[in-house]
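Colleague:
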Ligand SMILES: [Fe+2]
Ligand SMILES: [Fe+2]
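Residue numbers (the working numbering): 243 to 638.
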């Protein structure tokens, strides 16, 4: 999982509607947890955290799926066994980070590291900013496993639960764990980046968590993961393409291999949602519209390095400018999912369902229009220092 968006009109809302909670109120979950408070979910609080600066987090809505719908997920277990788990790769057939890295037990290790560093010298700083941001996003994997295990009806209840949902989540996490590991080791060996600043950013990010607004609701959760896996597929695919353009075939291979995992994961998550559309089209299309109204927040949106309060926005701007992940990609992914789930041809919906259908089907066009307008207003780009590359400036 990964990614960010710096799309037009898709910035985090800036509306501190409530007074700052004190540390004491942070300890009391009732302060900002409101069960099934869907209508209030547009409001934003500014939450002061003990380990990072004030980050914006939305009013927390929990358990928004009606409890009786848990049965749907129980009844899907056979289906998940036969249709979901087949998208996992046996460990023995999986690539491992070491397959792409110099072998520390070999006499050729030093030469291999020198070659890696020679190739990395040809790559511009701005590319490294994006690759570091992608790596940090991957490294916050504990947050994503936690997020999946917030979902009612599918969470891993024990840590070793035998349900296919829990098996999927653990094995998915184990596959994803290789992504951050490989990028981290590559970046370390490249000698181009400030590893200590990067490591601090990872620690801050895991400590901050994320706020995807999926409300313990597996309808929302699987729509979110479908979107995100495709977003990471696009992003890693683009860093692969750029690495090739900069003449580093081995780095291109690294990013491309990660992208192909993301594609397989996207296939699995979109199949779950496809099945939900078949079993419960009304709730599914309403959830899809709800998720899109709230906007898909990127997993690393709370990123901080101890210095730059707008680090995520700065990183997203560079990714947008380099074409690694853009507002257009956001609209393309949405359009792809609308087509993949055949949303336009759903019939027999309730009036709320039909409204949700109209909303999501018209949304890609609206996003594109907004994007064009924003491009027309685009200001002179600023240069900003990134601590990840020893405070060298990069154009946003
Ligand atoms: Fe992923
Ligand atoms: Fe990943």
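Here a beta-carbon is modelled for each residue, glycine too, at the ideal position from N, C-alpha and C. Just so it is clear, the structure is predicted and the values come from calculations on it, not from any experiment.
Based on Cα-Cα distance, which residue from 492, 526 and 342 lies nearest to residue 589?
Modeller: For the residues 492, 526 and 342, the minimum Cα distance to residue 589 belongs to 526.
Colleague: Since residue 628 is in the beta strand (DSSP E), which residue starts that stretch and which ends it?
Modeller: 625-628 is the extent of the beta strand (DSSP E) around residue 628.
Colleague: Return the CA-CA distance between residue 511 and residue 339, expressed in angstroms with no decimal places.
Modeller: Roughly 24 Å separates the two Cα atoms.
Colleague: Grouping DSSP H, G and I as helix and E and B as strand, with all else coil, what is residue 329?
Modeller: Helix, per DSSP.
Colleague: Under 6 Å Cβ to Cβ from residue 531, same chain only, skipping five residues before and after it: list those, please.
Modeller: Only 598, 601 and 602 meet the Cβ criterion.
Colleague: State the beta-bridge partners of residue 637 as determined by DSSP.
Modeller: According to DSSP, residue 637 bridges with 625.
Colleague: What's the gap between the Cα of residue 543 and the Cα of residue 343?
Modeller: Going by the C-alpha atoms only, they are around 29 Å apart.
Colleague: Have a look at 436, 406 and 631 and flag the residue whose alpha-carbon is nearest the alpha-carbon of residue 322.
Modeller: Answer by Cα proximity: 406.
Colleague: Name the two residues that bound the continuous beta strand (DSSP E) containing residue 302.
Modeller: Taken as a continuous stretch (DSSP letters only), the beta strand (DSSP E) holding residue 302 covers 302-304.
Colleague: Quick one: Cα of residue 617 to Cα of residue 638, how far?
Modeller: If I take the Cα positions, the gap works out to 14 Å.
Colleague: Tell me whether residue 366 sits in a helix, a strand or coil according to DSSP, three-state version.
Modeller: Coil.
Colleague: For residue 346, count the other beta carbons within 10 Å of its own beta carbon; 16 or more makes it buried, fewer makes it exposed. Which is it?
Modeller: Exposed, because fewer than 16 other Cβ atoms sit within 10 Å of the Cβ of residue 346.
Colleague: Answer yes or no: the CB of residue 456 versus the heavy atoms of ligand 1, is any distance below 7 Å?
Modeller: No, the beta carbon of residue 456 sits no closer than 7 Å to any heavy atom of ligand 1.
Colleague: Where does residue 632 fall in DSSP's three states?
Modeller: Three-state result, residue 632: coil.
Colleague: For residue 570, which residues from the same chain have a beta carbon less than 7 Å from its beta carbon, with the 5 sequence-adjacent residues on both sides left out?
Modeller: 613, listed in sequence order.
Colleague: What do you reckon, are the CB atoms on residue 485 and residue 494 nearer than 8 Å?
Modeller: Yes, these two residues count as a Cβ contact at 8 Å.
Colleague: Report whether the distance from the Cβ of residue 381 to the nearest heavy atom of ligand 1 is below 7 Å.
Modeller: Checking every heavy atom of ligand 1 against the Cβ of residue 381, none is found closer than 7 Å.
Colleague: Whose C-alpha, out of 372, 349 and 465, is nearest the C-alpha of residue 582?
Modeller: With distances taken between Cα atoms, residue 582 lies closest to 465.
Colleague: Check whether the segment 427-434 touches the segment 347-359, taking contact to mean three or more Cβ pairs, one atom from each stretch, closer than 8 Å.
Modeller: Result yes; three or more Cβ-Cβ pairs closer than 8 Å.
Colleague: Measure the CB-CB distance between residue 461 and residue 307 and report whether it falls below 8 Å.
Modeller: Result yes, Cβ atoms of residue 461 and residue 307 sit closer than 8 Å.
Colleague: Which residues mark the beginning and the end of the alpha helix (DSSP H) in which residue 406 is found?
Modeller: Run containing residue 406: 406-432, per the alpha helix (DSSP H) assignment.
Colleague: Report the option in 335, 529 and 628 whose CA atom is closest to the CA atom of residue 594.
Modeller: The residue with the shortest Cα to Cα distance from residue 594 is 529.
Colleague: Considering residue 447, what are the terminal residues of the alpha helix (DSSP H) in which it resides?
Modeller: Here the alpha helix (DSSP H) through residue 447 covers 437-450.
Colleague: What does the Cβ neighbour count give for residue 384, buried or exposed, with the cut at 16 atoms within 10 Å?
Modeller: Its Cβ having fewer than 16 others within 10 Å, residue 384 is exposed.
Colleague: Alpha carbon to alpha carbon, what distance is there between residue 375 and residue 636?
Modeller: For residue 636 and residue 375, the distance between alpha carbons rounds to 14 Å.
Colleague: According to DSSP, simplified to helix, strand and coil, what is residue 396?
Modeller: Reduced to three states, the DSSP call for residue 396 is coil.
Colleague: On a Cα-Cα basis, can you pick out the residue from 521, 605 and 546 that is closest to residue 379?
Modeller: When only C-alpha atoms are compared, the closest one is 546.
Colleague: Since residue 458 contacts residue 394 with CB under 8 Å, what's their CB separation in whole angstroms?
Modeller: The Cβ separation is near 5 Å, so the contact holds.
Colleague: Only counting the same chain, and skipping five residues up and downstream in sequence, which positions put a Cβ closer than 7 Å to that of residue 370?
Modeller: The answer, listed in chain order, is 434, 435 and 631.
Colleague: According to DSSP, is residue 617 part of a helix, a strand, or is it coil?
Modeller: Three-state DSSP puts residue 617 in a helix.
Colleague: If I follow the unbroken alpha helix (DSSP H) through residue 467, where does it start and stop?
Modeller: That run of the alpha helix (DSSP H) goes 460-487.
Colleague: Nearest CA to the CA of residue 382: which residue from 332, 499, 423 and 492?
Modeller: Comparing Cα positions, the closest option is 423.
Colleague: Tell me whether residue 500 counts as near ligand 2, meaning its Cβ is closer than 7 Å to at least one heavy atom of that ligand.
Modeller: Answer for residue 500: yes, Cβ within range of ligand 2.
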